[in-house]
Amino acid sequence: MSRENEKFDAGSDQSPLDHEKGSVPYVVAADEDNRYHFDTHDLDRVQRRLKQRHVQMIAIAGTIGTGLFLGSGSALAGAGPLGALIAYALLGTVAYASLCSVGEMTCHAPVSGTFPHFAARWVDPAFGFAVGWAQAITVPVEITAAQILITFWDHNDKHAPIYTAVLCVCVCAINIFGVRWFGESEFVFSIIKLILITGLILVGLVIDLGGGPDHHRLGFQFWRNPGPLAPAGLVPSRLPLDRFLGIVSVFVQAAFSFQGMELVAIAASETESPRRNISKAVRRVFYRIVIFYILGILITGMLVPYDDPHLLHGNGTATESPYVIAITRSSIKVLPSIVNAGIFTSAFSAGNSFLFCSSRILYGLALRGQAPKFFAKCTKSGLPLVAVLFCSCFSFLAFMNVSSGSANVFNWFVSLSTIAGFFTWASLNLTFLRFCKYRGFKVQGLDRTKLIYYSKLQPWLAIWGLFWTCLFILINGFEVFFNWSTSLFLTSYINVPLFFLLYFGWKIFKRTKFWRAKDMDFVTGIPSLEETEIPEVPPTTLGGKIFEILF
Numbered sequence: 001m002s003r004e005n006e007k008f009d010a011g012s013d014q015s016p017l018d019h020e021k022g023s024v025p026y027v028v029a030a031d032e033d034n035r036y037h038f039d040t041h042d043l044d045r046v047q048r049r050l051k052q053r054h055v056q057m058i059a060i061a062g063t064i065g066t067g068l069f070l071g072s073g074s075a076l077a078g079a080g081p082l083g084a085l086i087a088y089a090l091l092g093t094v095a096y097a098s099l100c101s102v103g104e105m106t107c108h109a110p111v112s113g114t115f116p117h118f119a120a121r122w123v124d125p126a127f128g129f130a131v132g133w134a135q136a137i138t139v140p141v142e143i144t145a146a147q148i149l150i151t152f153w154d155h156n157d158k159h160a161p162i163y164t165a166v167l168c169v170c171v172c173a174i175n176i177f178g179v180r181w182f183g184e185s186e187f188v189f190s191i192i193k194l195i196l197i198t199g200l201i202l203v204g205l206v207i208d209l210g211g212g213p214d215h216h217r218l219g220f221q222f223w224r225n226p227g228p229l230a231p232a233g234l235v236p237s238r239l240p241l242d243r244f245l246g247i248v249s250v251f252v253q254a255a256f257s258f259q260g261m262e263l264v265a266i267a268a269s270e271t272e273s274p275r276r277n278i279s280k281a282v283r284r285v286f287y288r289i290v291i292f293y294i295l296g297i298l299i300t301g302m303l304v305p306y307d308d309p310h311l312l313h314g315n316g317t318a319t320e321s322p323y324v325i326a327i328t329r330s331s332i333k334v335l336p337s338i339v340n341a342g343i344f345t346s347a348f349s350a351g352n353s354f355l356f357c358s359s360r361i362l363y364g365l366a367l368r369g370q371a372p373k374f375f376a377k378c379t380k381s382g383l384p385l386v387a388v389l390f391c392s393c394f395s396f397l398a399f400m401n402v403s404s405g406s407a408n409v410f411n412w413f414v415s416l417s418t419i420a421g422f423f424t425w426a427s428l429n430l431t432f433l434r435f436c437k438y439r440g441f442k443v444q445g446l447d448r449t450k451l452i453y454y455s456k457l458q459p460w461l462a463i464w465g466l467f468w469t470c471l472f473i474l475i476n477g478f479e480v481f482f483n484w485s486t487s488l489f490l491t492s493y494i495n496v497p498l499f500f501l502l503y504f505g506w507k508i509f510k511r512t513k514f515w516r517a518k519d520m521d522f523v524t525g526i527p528s529l530e531e532t533e534i535p536e537v538p539p540t541t542l543g544g545k546i547f548e549i550l551f
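Residues 1 to 551 (the UniProt record's numbering) make up the sequence shown, in order.
This is the structure we're talking about:
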């Protein structure tokens, strides 16, 4: 029996000739050279059911959640309008750098597992193992956030377990129904989120210019009083340093707003024409960051002063959103409930996306022998059901909010998931540097400019992203050294020893080594353009042409 068929027998009833990637059979010849760890690992049994509209909408708004809608209020309270703008702009550049890195690698190899696989294939198998097993904690974050948002209408704490259970079941059910259901649900949720954030920015601008019922023009008055920068309150005797620490203190919150953009790359193995569609998505994400995040945080800082008591004592619902505070003070009725409903769907959608993300990463690890093989089992429709069910179990960690208080649990999860996200971003940029400029492609004489997507700003983007993510990992919990809190210290830094425990544990157990540049495998198991790309049909109607420009 060949190694290809042997691999298929381990996790599927299909033969290699039965499996389709796009419109042609996906057949990969195994490389018999033993120096490669990867030979038949990319015989994916998932199917390409996500269409262009799904991928583009997921890229534009797939992971926009409470981090943007509510986190902007926390950032404003912690750093002031200018400080929050600086923090979000800096994190936006780091997020963009990381997405450009993973986008280029994905356009070369649109396979299951994406960035953990890339890390294992072009850096060190142990590195990919550590990166891949750190992705499960983001699902309960958004479940907890969604449950908190329901308290805007129902203040009875006894109902929290019921709402949490319903949310967990719904998120899990959408993913269990399959990638097509996931794609359609995220398409609808993304439209809602785009309408909401666009509407909030426009309403905020109208209110700021005096267009509300009270006709009070705000302008930049809150930048003058109480001021553009908020002190952190850690070293009050040295105000400039305290204000700088205020900016640093909101880095985690700002990062939580951006993390998850790499979802579009994780969906590559289940996307029609992945190279073309992911290339489009990555190219357009810069405008998404500028319009929705940077412009949004600028408007936020014009609506509410950073010392507003509603910001400082928020309860996790829309009442702590700067937009809702400004809307309420402008005597605009009904809108706060509509905004809370929109933010609720955003939190639910983000949880849905993160469950998809973690299950596909687990599936990719199983294909490559870095997780138990039964996680690679797929249904006839291409759903990695066992991986989805296992990752769904982590959503029930959200029940911790019943005993420990929703707000505390949410903050714990935010910190844990954000630091895990920093490790992900660092791995993306480090892997890309090994992939292209200084190793890999360059040593083997390959030309990355011939890829469907490549960035002219590389490798400087990857260097920029790697530097800042490593720095963020070190300083994210700096406040604990001014006012000691054991729980804050653990949530801020527990991921650091955990990551290295995973890395060195796998490295010692499997005796892995860093790949030498000449031994990196850029061919085996990677589908060709003919195998993945469906011929593009140009739109003929006006609506189709507009859709093509936007998405």
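Cβ coordinates follow ideal geometry from the N, Cα and C atoms, glycine included. Only a predicted model underlies this, so the values are computations on that prediction, with no experimental measurement involved.
Local Cβ density within 10 Å of PRO372, reported as buried at 16 or more and exposed below that: exposed
Pick from LEU498, GLY132, ARG283, MET302 that is closest to ALA364, judged by C-alpha positions: It should be pointed out that residue 364 corresponds to Gly in this sequence rather than to Ala. For GLY364, the nearest C-alpha among the options comes from GLY132.
Helix, strand or coil at THR512 according to DSSP, with G and I counted as helix: coil
Spatial distance of LYS513 from ALA130 (CA atoms): Going by the C-alpha atoms only, they are around 14 Å apart.
Residues of its chain near PRO336, where Cβ-Cβ distance is below 7 Å and the 5 sequence neighbours each way are ignored: Same-chain partners within the cutoff: ALA318, VAL324, ILE327, THR328.
ILE546 - DSSP class collapsed to helix/strand/coil: Note: ILE546 maps to helix in three-state DSSP.
Inter-residue spacing [alpha-carbon to alpha-carbon] between PRO527 and ALA97: C-alpha separation (whole angstroms): 26 Å.
Exposure label - CYS393; buried when at least 16 CB within 10 Å: exposed
ALA426 versus ALA420 - alpha carbon distance: Per the coordinates, the alpha-carbon of ALA426 lies some 10 Å from the alpha-carbon of ALA420.
Assigned secondary structure, MET105 (DSSP; H/G/I helix, E/B strand, else coil): Three-state result, MET105: helix.
For THR486 and LEU430, the rounded distance between their alpha carbons: 31 Å
Expected contact under 8 Å - CB spacing of VAL179 and GLU270 to nearest Å: 5 Å
Reduced DSSP category for GLY331 - H, G, I as helix; E, B as strand; rest coil: Here the sequence assigns Ser to residue 331, which means Gly is not the residue at that position. Three-state DSSP puts SER331 in coil, outside helix and strand.
Residue from LYS380, VAL123, LEU82 with nearest C-alpha to CYS436: VAL123
Buried versus exposed call for GLU536 [16 or more other C-beta atoms within 10 Å across all chains shown]: exposed
At least 3 beta-carbon pairs within less than 8 Å: the stretch 106-125 vs the stretch 298-313: No, they do not touch.
For LEU202 and ALA462, the rounded distance between their alpha carbons: ALA462 and LEU202: Cα-Cα distance of roughly 34 Å.
Nearest to VAL285 (by Cα), restricted to the options LEU298, GLY525, ALA265: Nearest of LEU298, GLY525, ALA265 to VAL285, Cα basis: ALA265.
Spatially closest choice to TYR306 from LEU542, ARG224, PRO81, by CA coordinates: PRO81
LYS280 in three-state terms, based on DSSP: helix
The stretch 254-262 in contact with the stretch 219-234 per 3-pair CB rule at 8 Å: no
Through-space distance from ALA376 to LYS442, alpha-carbon basis: 33 Å
Those runs of the beta strand (DSSP E) which lie wholly inside the stretch 168-231 and span at least 3 residues: The qualifying runs do not exist here; there are none.
Closest by C-alpha distance to ALA268, when choosing among LEU498, GLN52, ILE494: GLN52
Close-in-space but distant-in-sequence residues of the same chain around HIS155 (CB under 8 Å, 5 per side omitted): No residues qualify anywhere along the chain.
Validate contact between the stretch 378-397 and the stretch 335-349 using beta carbons, cut 8 Å, 3 pairs: no
Check: ILE143 C-beta below 7 Å from any heavy atom of the ligand NAP: The ligand content of the structure shown is nil, which means the ligand NAP is not present either.
Span separating the alpha-carbon of SER237 from that of GLY246: 14 Å
Assigned secondary structure, VAL523 (DSSP; H/G/I helix, E/B strand, else coil): coil
Expected contact under 8 Å - CB spacing of ILE207 and LEU99 to nearest Å: So it is not a contact: roughly 32 Å between Cβ atoms.
Under 8 Å between C-beta atoms of ILE473 and PHE422: yes
ALA79 and VAL250 closer than 8 Å at C-beta: yes
Buried or exposed by the 16-neighbour rule on C-beta atoms within 10 Å, applied to ILE162: exposed
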